[in-house]
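Residue numbers (this note's numbering): 631 to 896. Think of the CB as a built atom: it goes at the ideal place given N, C-alpha and C, for glycine as much as any other residue. Inspection log for the structure reproduced underneath, given as structure tokens.
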Ligand code: ARG
């Protein structure tokens, strides 16, 4: 009887150990997807769409994993609110229809909450704040945003950088170089096809820091309004918005969000 007890205990220990050691290995991870940490075993899994061309917020590492500040934030939200995540690299423009047609449960992509987007999508509470920044060659005579009036300006298409630039140059201006991704927009400026690039500060600063051989300078402008990033959900999907907001609140309260971003958003 005693012996049986001991075997039972050993058995239980062995099973627990296997779960701890191999629990995460049972899920399949496709090449373009990245399965969450597995901290919420057995919990529901939400598919998260992104445009992983936006370092340091969301990008692909050498191994093909989707990584970045936004990704860490979503993983922390998922852990706090008790769900699992699977990331899909969808691209910027296709991301919006992907949320609409439920190909993904929500999107994380440094998406600024705007009145216009709120007409078509639901957003969580803000989790990050940002502003536009101008990037020009170091020897450029451009000093502020107004100086870009008659210049060629590169932006990522349909971003808030594109919207503010349309505000200065006109909606249909042929001087706006609207690229598919932010790195491509910056390349247009470096190649001389545009005089400046306009985009989110974190991404512009990261690009400049990682390309020290290219002589560039950044320009701030007081006319750029503060922007807030939110997670974007299909219109009317209150359940997912509530779940995400719950997670955001927890990581705001316990300091985890600040630990990831390095600053308080409000
Ligand atoms: N914050 C800007 C916007 O919402 C740019 C976001 C672009 N994000 C990306 N992953 N490409 O329009």
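Residue i CB to nearest heavy atom of the ligand ARG below 7 Å
| i | result |
| --- | --- |
| residue 720 | no |
| residue 944 | Because the chain is modelled from 631 through 896, residue 944 falls outside the range shown and cannot be assessed. |
| residue 845 | no |
| residue 812 | yes |
| residue 691 | no |
| residue 786 | yes |
| residue 681 | yes |
| residue 830 | yes |
| residue 688 | yes |
| residue 837 | no |
| residue 739 | yes |
| residue 789 | yes |
| residue 757 | no |
| residue 684 | yes |
| residue 857 | yes |
| residue 891 | no |
| residue 795 | no |
| residue 742 | yes |
Where residue i falls: helix, strand or coil (DSSP)
| i | result |
| --- | --- |
| residue 874 | helix |
| residue 881 | helix |
| residue 894 | coil |
| residue 841 | coil |
| residue 642 | Low local confidence applies: a pLDDT of 43 at residue 642 is under 50, so the model's placement there is unreliable, with the coordinate-based value given in what follows. Helix at residue 642. |
| residue 868 | helix |
| residue 689 | strand |
| residue 719 | strand |
| residue 750 | coil |
| residue 897 | No answer is possible for residue 897: the residues shown for the chain start at 631 and end at 896. |
| residue 857 | strand |
| residue 847 | strand |
| residue 713 | coil |
| residue 772 | coil |
| residue 673 | coil |
| residue 790 | helix |
| residue 785 | strand |
| residue 829 | strand |
| residue 800 | coil |
Beta-carbon proximity check, residue i vs residue j, cutoff 8 Å
| i | j | result |
| --- | --- | --- |
| residue 810 | residue 834 | no |
| residue 752 | residue 865 | yes |
| residue 741 | residue 860 | yes |
| residue 791 | residue 730 | no |
| residue 805 | residue 799 | yes |
| residue 926 | residue 888 | What the structure shows of the chain is the stretch from 631 to 896, and residue 926 is not part of that stretch, so it cannot be assessed. |
| residue 673 | residue 726 | no |
| residue 820 | residue 785 | no |
| residue 692 | residue 739 | no |
| residue 863 | residue 736 | yes |
| residue 708 | residue 880 | no |
| residue 794 | residue 854 | yes |
| residue 756 | residue 772 | no |
| residue 818 | residue 828 | no |
| residue 812 | residue 891 | no |
| residue 761 | residue 838 | no |
| residue 724 | residue 836 | no |
| residue 750 | residue 871 | no |
Touching or not, the stretch 718-734 and the stretch 670-679, by the rule of three or more beta carbon pairs under 8 Å?
In short, these stretches touch, since the Cβ pair count reaches three.
Inter-stretch contact at 8 Å, needing at least 3 Cβ pairs: the stretch 873-882 / the stretch 686-698
By the Cβ test, the stretch 873-882 is not in contact with the stretch 686-698, since fewer than three Cβ pairs between them sit closer than 8 Å.
Using a Cβ distance threshold of 8 Å, determine whether the stretch 815-829 contacts the stretch 781-788, with at least three qualifying pairs required.
As far as the Cβ criterion goes, the stretch 815-829 touches the stretch 781-788, which means the pair count is three or higher.
Count the C-beta pairs between the stretch 846-862 and the stretch 758-768 that are closer than 8 Å, then say yes if the count reaches three, no if not.
By the Cβ rule, the stretch 846-862 counts as touching the stretch 758-768, because three or more pairs are nearer than 8 Å.
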